[in-house]
Structures are given as structure tokens and as C-alpha cells.
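Novice:
Residue numbers (my numbering): 723 to 826.
#1: If I measure Cβ to Cβ from residue 821 and keep anything under 7 Å in the same chain, skipping five residues before and after, which residues do I get?
#2: Per DSSP, which one or two residues make a beta bridge with residue 805?
#3: Do the region 743-758 and the region 785-794 touch if we need at least three Cβ pairs shorter than 8 Å?
#4: Between the C-alpha atoms of residue 787 and residue 803, what's the straight-line distance to the nearest angstrom?
#5: Grab me the residues of residue 824's own chain with a C-beta within less than 7 Å of its C-beta, minus the 5 sequence neighbours each way, in chain order.
#6: Which partner residues of residue 781 appear in the DSSP bridge assignment?
#7: In angstroms, rounded to a whole number, what distance separates the CA positions of residue 741 and residue 755?
#8: If you pair each beta-carbon of the region 773-786 with each one of the region 806-822, do three or more pairs fall below 8 Å?
#9: By Cβ distance below 6 Å, which residues in the same chain neighbour residue 734 in space, the five residues on each side in sequence not counted?
As C-alpha cells, this is what we get:
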């Protein structure tokens, strides 16, 4: 199964334009320390396609700390709903921070 990827810079453009829904699959303690503005917390252990917010025509982007857990989440979501097209944030929040993008 091939999962699409995006960069932190591209995700920032999508979020600014209202073109993406961002799901953070880290643990609540990690999310409390640092998060991307607008990210919805859905830890990997409990993420299910049926629980996703309505996407409309927006892209579904999944992120974690470095990209590993978010890739697992993307794969799980596609197995549950083959019509989903999740996009993995390459490098996770670490790449976002390295690009000097805002963290709350």
C-alpha cells in the first residue's frame, strides 16, 4: 500500500488555505507539550476511520513526532476505509519545528 506524503511547508500552505484536516496521532502528553495549531488529537491506539471529522473536499493529513506512527495510522485508516486518501507528514512535528513553523 502506497501512502502519499507531504512536507511541513506544503502542509502549512494547505492549513492556511483551509484545504486540510490535520490529525495528530501522538499521545495526549506529547500533544500538551507542543502541537501544530488546528491539529485534532486522535492517538494512534484509538484512531478509527469512522471517528474522523467530516472532510468535505479537504485533504486528510496525519502527523506524529517523526512520521512513523502517522504512517501506521494512515495504513490503518486505509484498511478500514479504502476510499480514504490519508497523507503522511514527512518528519512529523519535528520537521514542522525545524522549518520554523509555529507550534502552540
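Glycine included, each C-beta is placed from N, C-alpha and C at the ideal position.
Specialist: Quick answer:
#1: Against the chain shown, residue 821 aligns to sequence position 99. Around residue 821: 730 and 731.
#2: Within the chain shown, numbered from 1, the residue matching residue 805 stands at position 83. Answer by DSSP bridge pairing: none, since residue 805 is not bridged.
#3: yes
#4: For the purposes of this step, residue 787 is identified with residue 65 of the chain shown, where counting begins at 1. For the purposes of this step, residue 803 is identified with residue 81 of the chain shown, where counting begins at 1. If you take the alpha carbons of residue 787 and residue 803, they lie about 24 Å apart.
#5: Residue numbering aside, residue 824 sits at position 102 when the chain shown is read from its first letter. So the list reads 759, once near-sequence residues are dropped.
#6: What you label residue 781 is simply residue 59 of the chain shown in a count that begins at 1. In the DSSP output, where bridge partners are listed per residue, residue 781 has 742.
#7: As a position in the chain shown, residue 741 is number 19, starting the count at 1. As a position in the chain shown, residue 755 is number 33, starting the count at 1. Straight-line Cα distance between these residues: approximately 26 Å.
#8: yes
#9: By one-based count along the chain shown, residue 734 stands at place 12. Cβ neighbours of residue 734 beyond the five flanking positions: 823.
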